[in-house]
Amino acid sequence: MTIAVRFPDGSIQNVPAQLREISDSPGSKASPRFERVPLNCDSNWTFHRHGENWYAMPRSGSLSALRPVVAEWWRSVAHMEDDAGKAVGPAKTARGQRQRQRSGWGNAA
C-alpha cells in the first residue's frame with residue numbers, strides 16, 4: 004500500500020504507507036475509521052501532513068549503525084555457533100565413533 008507524497012523538487016511520488024486508526028472519541032460505539040499514513044522508514048526523508056496532503060522534508064543529522072556492546076549470550080554455546088558442525092577436530096571424531104559403537108548405530112548405513 005502506498006500514498007502520494009510531494010517532494011521539495013515538486014515531484015509527487017508514491018511511498019510505502021500503513022493504515023492508522025483515526026481516534027474519534029473514546030468509548031464510541033461506531034466502527035473504527037482508518038487513514039493511510041506514510042511510513043517514516045526512509046533514511047533521507049521524513050513525511051509531514053499539511054492539510055490533506057503529505058510532504059517530504061529532508062532528514063537532518065546522521066545515521067549510525069548500532070552494534071552490540073557485548074557478545075551475544077549464545078556465542079558461548081558451542082552447538083549454536085554458525086560453523087559448529089563444519090570443523091570437527093580429532094577429539095570430537097573419536098568420541099563420536101566410541102558413542103556410535105556403544106549404541107550399536109555405527110554401521111546402520
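Residues 4 to 112 (our numbering) are what the sequence shown spells out, left to right. Beta carbons: idealized from backbone N, C-alpha and C, even for Gly.
- Residues of its chain near Val72, where Cβ-Cβ distance is below 6 Å and the 5 sequence neighbours each way are ignored: none
- With DSSP run on the structure shown, which of helix, strand or coil describes Ala68? coil
- Residues sharing a beta bridge with Arg36, DSSP: Ile25
- Task: Following the continuous beta strand (DSSP E) through Ser76, name the residue where it begins and the one where it ends.
- Result: First, the amino acid is wrong: residue 76 is Trp here, not Ser. That residue, Trp76, is in no beta strand (DSSP E); it is neither H nor E in DSSP.
- In or out: Pro35 buried (at least 16 other Cβ within 10 Å) or exposed? exposed
- Item | Nonlocal neighbours in the same chain, by C-beta distance under 8 Å from Phe37, ignoring five residues either side | Leu22, Arg23, Glu24, Ile25
- Helix, strand or coil for Met83, going by three-state DSSP, please let me know. helix
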